[in-house]
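Take a look at the structure below.
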Amino acid sequence: MSIFDLVANTVISVIDMFGYWAIFGAMFLESACIPIPSEVVMPFSGFASSNGVLSFWTIVVVGTIGQLLGSITTYYIGRSGGRHLVEKYGKYVLISKRDIRKADEWFERRGDATVLFTRMVPVVRTFISLPAGISRMNFAKFVIYSTIGIIPWTLLLTYVGVKMGENWDRIRDIFHGFDLVIGVVLVVMIFVYLKTHLKHVMDQG
66 MSIFDLVANT VISVIDMFGY WAIFGAMFLE SACIPIPSEV VMPFSGFASS
116 NGVLSFWTIV VVGTIGQLLG SITTYYIGRS GGRHLVEKYG KYVLISKRDI
166 RKADEWFERR GDATVLFTRM VPVVRTFISL PAGISRMNFA KFVIYSTIGI
216 IPWTLLLTYV GVKMGENWDR IRDIFHGFDL VIGVVLVVMI FVYLKTHLKH
266 VMDQG
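Offset between the sequence shown (1-based) and our numbering: plus 65.
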């Protein structure tokens with residue numbers, strides 16, 4: 066089995082085992098400041114749709130609801146003054162103060178509308194609800210902007226997964242010849258991410 070097959074089968078097996086709950090849980094946690102990449106979860110959910118395991122539109126709805134509820138949770142953490150808890154204990158789930166500061170800067174520069182646009186920006190999208198809550202952004206606007214931003218992101222990633230499934234044999238053949246390269250790249254990317262991210266996490270004490 067190739068490395069690409071291994072990654073795909075692992076993610077799909079989890080989705081197959083827990084179904085829509087796996088998608089909902091992963092997307093809820095991502096939007097609640099736990100760095101679980103929707104860029105991995107949603108495409109492979111779409112892949113499962115292409116095989117008839119799950120429904121495309123149900124995936125989109127479940128993913129959207131998970132992200133929205135996770136965002137609302139984080140919004141209220143910020144609004145209720147729970148920011149210091151995230152800053153203090155976030156390091157245990159690889160959330161650094163730098164991550165939160167980046168989200169703060171986005172929000173300060175672009176105001177309320179940033180909640181809409183950053184829903185399609187990796188990393189920042191995970192943390193933007195916190196400064197929105199801290200600034201006491203109007204809740205109705207927060208929900209509307211978040212929903213409008215979340216839907217196209219979720220649709221796009223799920224659709225990418227569907228196209229992957231439809232062309233799986235071709236994709237697998239292409240990547241099969243690059244197993245070693247893919248393995249090395251993945252290891253290097255994980256190492257660099259952990260090294261840089263853990264440094265910021267540990268620096269904050």
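Heads up, the beta-carbon is just placed ideally off N, CA and C, and yes, glycines get one too.
Please read these numbers as outputs of a predicted model, since none were measured by experiment.
Do you know offhand how far residue i's Cα is from residue j's?
i      : j      : result
Ser103 : Met92  : 7 Å
Val82  : Arg174 : The displayed chain sequence assigns Met, not Val, to residue 82. For Met82 and Arg174, the distance between alpha carbons rounds to 43 Å.
Ile80  : Val105 : 12 Å
Gly146 : Ile199 : 7 Å
Tyr210 : Tyr85  : 24 Å
Thr212 : Ser115 : 25 Å
Thr75  : Arg201 : 40 Å
Met107 : Glu95  : 12 Å
Gly226 : Thr191 : 21 Å
Gly214 : Ile137 : 14 Å
Met66  : Thr183 : Its pLDDT being 49, under 50, Met66 is placed unreliably in this model, and the coordinates cannot settle the point.
Phe204 : Ile124 : 26 Å
Phe89  : Val208 : 18 Å
Val186 : Ala178 : 13 Å
Ala87  : Val127 : 10 Å
Under the assumption that residue i contacts residue j (Cβ atoms under 8 Å), give the Cβ distance between them as a whole number of angstroms.
i      : j      : result
Gly135 : Ala97  : 4 Å
Ile77  : Phe109 : 6 Å
Gln132 : Thr219 : 7 Å
Leu181 : Thr139 : The Cβ separation is near 16 Å, so there is no contact.
Phe121 : Gly230 : Not a contact, Cβ separation roughly 11 Å.
Thr129 : Ile193 : Their Cβ separation, rounded to whole angstroms, is 16 Å, which puts Thr129 and Ile193 out of contact at 8 Å.
Alpha helix (DSSP H) containing residue i: first to last residue?
i      : result
Ser211 : 204-231
Ala113 : 103-115
Met92  : 85-96
Arg190 : 189-192
Arg184 : First-last for Arg184: undefined, no H or E at that position.
Gly146 : Note, Gly146: premise wrong, no alpha helix (DSSP H); not H, not E.
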